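Following: one structure in structure tokens, then a few remarks.
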Amino acid sequence: MDDTHTDLPQPSAPPTSPPATDSSTVASSPVPLPGQRTVLIGIDSITKHGLQSSPVLHWALRQFLVAGDTVYVVHASKSLDPTGMGQTGNAAQMNPELLKKAELFTEDIVRGMCRNMWGNAGGHHSRNVKAHVVKGDPREVMKGLAMEHNATAVIVGRRGTVSTVRRMLLGSVSDYLARELDSTVIIVKE
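So for the sequence shown, the numbering used here puts the first residue at 64; every next one is plus one.
Encoded structure:
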């Protein structure tokens, strides 16, 4: 007696071409390789101590960045204080010259951190460090710069001190960026 059942489905040959995909789900360009990426890092402080102790910067240097990546370190605040000491009034006004000095200072500190972290490779990497110190809403500033520089990734911190209710009402920078950007958004718990 024949054991072949003709009513059972027969195995088919594997497809010879990839299945058709919806063009809206396919990335328009390949993701850059490490060493060729553009990464924005949001920071809370532009003082030397604030930069050197930043959990976001330390995480990015240890876990994500490699020599060759272009890094934009961004500090945005609705009320900038050039001294980092909470001054108010005329002393807290940031003119373009002070903003530029703050950016150069930030770049120098972060370049030094790159050299300390990676040795000789850090010297190569440090040429690709740029800083933006901007007066404005951090959410909008980070979003605009990420789009302007076509960022591969945006790295920001999240403080645990913001209540859930306040975050729902006001929104946090990290939540906003995760919702609004097409770039990868990495949130470092502070």
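Using N, Cα and C, we set each Cβ at its ideal position, and we do this for glycine too. Predicted, not measured: the structure shown is a model, and the values here were computed from it.
In the DSSP assignment, arginine 178 falls outside any beta strand (DSSP E) and within the unbroken alpha helix (DSSP H) covering 159-181.
Looking only at Val197, Ile249, Pro118, the smallest Cα-Cα distance to serine 142 is reached by Val197. The Cβ atoms of leucine 244 and alanine 194 lie no closer than 8 Å to each other. Between the alpha carbons of cysteine 177 and glycine 207 lies a gap of roughly 26 Å. Residue pairing of leucine 103 in beta bridges, as defined by DSSP: Tyr135, Val217.
Distances from the alpha-carbon of threonine 247 to those of Leu103, Val204, Ala139 put Leu103 closest. C-alpha of valine 217 to C-alpha of isoleucine 106: approximately 11 Å in a straight line. In the three-state DSSP reduction, valine 236 falls in the helix class (H, G or I). Rounded to whole angstroms, the separation of the alpha carbons of arginine 125 and proline 118 is 10 Å. In the three-state reduction of the DSSP assignment, valine 204 falls in the helix class, which pools H, G and I. Between phenylalanine 127 and isoleucine 249, the C-beta gap is smaller than 8 Å, which places the two residues in contact. The beta carbon of tyrosine 239 sits closer than 8 Å to those of Arg202, Lys206, all from its chain and outside the five residues before and after it, given in chain order. In chain order, Ile106, Ile109, Val196 place their CB closer than 6 Å to the CB of histidine 138, counting only its own chain and leaving out the 5 sequence neighbours on each side.
Under a 10 Å Cβ-count criterion, serine 235 is classified as buried, with 16 or more other Cβ atoms of the shown protein chains found around its own Cβ.
The distance from the Cβ of valine 192 to that of glutamate 170 is about 5 Å, consistent with a contact at the 8 Å cut-off. Counted as a single uninterrupted DSSP element, the beta strand (DSSP E) harbouring lysine 198 occupies residues 192-198. Within its own chain, the residues whose Cβ lies closer than 8 Å to the Cβ of leucine 120, once the five positions on either side in sequence are excluded, are Ile104, Ile106, Leu114, Val136, Val173, Met176, listed in chain order. In this structure proline 97 touches valine 129 by the C-beta definition: roughly 5 Å separates them, less than 8 Å.
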